[in-house]
Each structure stands twice: as structure tokens, then as C-alpha cells.
Amino acid sequence: RVEELKRYPASARVDRAEGKVVVKAVINEDGSIGEEEVLQSSGHPGLDKAAIETLRQAAPFHLPRPLGQPRMTIKIPMSYRLDR
């Protein structure tokens, strides 16, 4: 679902920016996002912001709960590449 919602920001297209963003998120028991942060920046603020926005739009997440944990932390890599 995250990949389906991912959009390339116009500012990054104009700058011809590409890169990989790794986002960490804490997922609450109800699937909502408790907190999120960029662990690895793409080097372009527009791509980093777009990755966080995509993650927020993808909520709620329906994840298995190992050992009945009410919250879990996930890491999601998102690559942004312009078509050549």
C-alpha cells in the first residue's frame, strides 16, 4: 500500500533529485502511527517530506502482533528514481 501511495514531489522533479529515504515508524495497536522519523535522508528535503507524508496516508496499518505487543516499530525504505 505504501508504494501505491508514493508520489514524486514537483520540487524534487525540478531539481532532478533522486535517492532513498528510510523511515522509522511506531505503529499503535489500532494501526495508527504513533511517531515517525527519517532514519536515512535522501539528501533532498522534498523527498524526505514526501516519504513521511506517504507513510501517514498509508495508515492504518494491519500488522501481525508478535507476542501480543500493543506497539511495534517498523522501518520502511522508499526509493525515488526519475525515469530516464
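To convert, take the position in the sequence shown, counting from 1, and add 3; that gives the numbering used here. Ideal Cβ positions, reconstructed from N, Cα and C, are used throughout, including at glycine. As the structure is a computational prediction, the values presented were derived from the model and not from experiment.
Query: For the alpha helix (DSSP H) containing S35, name the first residue and the last one.; Result: From DSSP, S35 is part of no alpha helix (DSSP H); its letter is neither H nor E.
Query: Return the CA-CA distance between L54 and F64, expressed in angstroms with no decimal places.; Result: For the sequence presented, residue 54 should be read as Ala rather than Leu. Each residue's Cα considered, the two are about 16 Å apart.
Query: Please state the DSSP three-state secondary structure of A20.; Result: coil
Query: Here's the rule I'm using: 16 or more other beta-carbon atoms within 10 Å means buried, otherwise exposed. How should P12 be labelled?; Result: buried
Query: With distances taken between CB atoms, is the gap from R74 to V29 smaller than 8 Å?; Result: yes
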